[in-house]
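Novice: Using the working numbering, the letters of the sequence shown correspond one by one to residues 2 to 270. Quick one: structure below, then a few questions.
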Amino acid sequence: MLKVGIVGCGFIGTTLARAIDGGVVEAELLAVYDRNIERARGLAASLSHPPDVMDVESMAKSCELVVECASQQAVKELAHTVLSNECSLMVMSVGALLDEKLRDELEKLARAHREKIYVPSGALAGLDGLRAACVGKIHRMELTTTKPPMALVGAPHLREANIDVERLKVPTVVFEGTAIDAVRGFPANINVAAAISLAGMGAEKTRVRIVADPSAQRNTHTLLVEGEFGRLECTVQNVPSPENPKTSMLAALSAISTLKRIAQPLQVG
């Protein structure tokens, strides 16, 4: 049975831990970690089969797969340690991988140790079709994300542009540019832009538009791709996490789905 460790005990980490503990995934949760050690201990104690609370290095030496559910900064801090200890890595804060130098280093490290780096689809659908389409020529790739203002509060881009989303009365475009700039300006809000960039044309050629809509009840992502294959348009209206409006429920479910796929011998899609 696949031995798993989770770093980050917020909404996604907790949801994944409970799925493993409840038998939804054929895996064994050996360890959890969070910078807030009390939160990690609380999560461990709440499970039927309590995992150990370990630091990242100990976790990597004990597990076959470590799942990062913390932040882009956490990816930069733990990825080398995990892969160097012959342990695979699942990255939820996929925006970190748009750093080309970091991504190249991690890919080389994974190859050297015969490990894998997994990136779930997150809060978006259609990545399987996008990957297939990108085997041929792509002419256009765009992502439009619409969120309630509270889901965007605190983003660096809003501070730099002096945009107070809490005062908005109508739907307002608060960002338009490349995926790389979107991820830098909204590191906790737009991981889907990083995911489609890695699966598709790259971060510099992927256009992103972010809309703050005071009337929105859900986080909506629309992916548009045109190329020699034809046209792909996919819209997902996500229910936000009740614990963290920046995160969609589907993002947590995608982590569970990816882990199930890793653990199962039959691979579909």
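Beta carbons are placed, not taken as given, at the ideal position from N, Cα and C, and that holds for glycine.
Can you grab the Cα-Cα spacing for the pair residue 86 / residue 111, in whole Å?
Specialist: Whole-angstrom Cα-Cα distance: 10 Å.
Novice: Mind checking residue 202: buried by the 16 CB within 10 Å criterion, or exposed?
Specialist: Its Cβ being crowded by 16 or more others within 10 Å, residue 202 is buried.
Novice: How many Å lie between residue 9 and residue 147 at the Cα?
Specialist: In a straight line, the C-alpha of residue 9 is about 26 Å away from that of residue 147.
Novice: Note the first and the last residue of the continuous beta strand (DSSP E) segment covering residue 147.
Specialist: That run of the beta strand (DSSP E) goes 139 to 148.
Novice: So, are the CB atoms of residue 124 and residue 256 less than 7 Å apart?
Specialist: No, Cβ-Cβ distance for residue 124 and residue 256 is not below 7 Å.
Novice: How many whole angstroms separate the CB atoms of residue 172 and residue 214, which I take to be in contact at a CB cut-off of 8 Å?
Specialist: Yes, residue 172 and residue 214 are in contact; Cβ-Cβ is about 4 Å, under 8 Å.
Novice: Starting from residue 238, follow its DSSP beta bridges and name the residues at the other end.
Specialist: Paired residues: 221.
Novice: Suppose you measure from the CA of residue 49 to the CA of residue 244; what does that come to, to the nearest Å?
Specialist: The straight-line gap from Cα to Cα measures roughly 22 Å.
Novice: Assign residue 1 to buried or exposed, taking buried as 16 or more other Cβ atoms, counted over all protein chains shown, within 10 Å of its Cβ.
Specialist: The structure shown does not extend to residue 1, since the chain is modelled only from 2 to 270, so the question has no answer here.
Novice: Determine the closest residue to residue 185 out of 120, 159, 174 and 269, with distance taken between C-alpha atoms.
Specialist: With distances taken between Cα atoms, residue 185 lies closest to 159.
Novice: Classify residue 250 as helix, strand or coil using the three-state DSSP reduction.
Specialist: Here residue 250 sits in helix by DSSP.
Novice: Taking the C-alpha atoms as reference points, what is the distance between residue 168 and residue 149?
Specialist: One C-alpha to the other measures close to 12 Å.
Novice: Residues in its own chain within less than 8 Å of residue 22 by CB, not counting five upstream and five downstream?
Specialist: Around residue 22: 30, 48, 49 and 50.
Novice: Classify residue 116 as buried or exposed, calling it buried when 16 or more other Cβ atoms lie within 10 Å of its own Cβ.
Specialist: Buried: at least 16 other Cβ atoms inside 10 Å.
Novice: Decide yes or no for the touch test of the region 34 to 41 against the region 99 to 107: beta carbon pairs closer than 8 Å, at least 3 of them.
Specialist: Contact fails: fewer than three Cβ-Cβ distances are below 8 Å.
Novice: Name the residue from 180, 189, 122 and 84 whose alpha carbon lies nearest to the alpha carbon of residue 151.
Specialist: For residue 151, the nearest C-alpha among the options comes from 189.
Novice: Could you check the C-alpha separation between residue 64 and residue 4 for me, to the nearest Å?
Specialist: Approximately 5 Å between the Cα atoms of the pair.
Novice: Could you work out which residue in 242, 262, 246 and 263 is closest to residue 16 when comparing CA atoms only?
Specialist: When each option's Cα is compared against that of residue 16, the closest is 242.
Novice: Do residue 34 and residue 2 have their CB atoms nearer than 7 Å?
Specialist: No, Cβ-Cβ distance for residue 34 and residue 2 is not below 7 Å.
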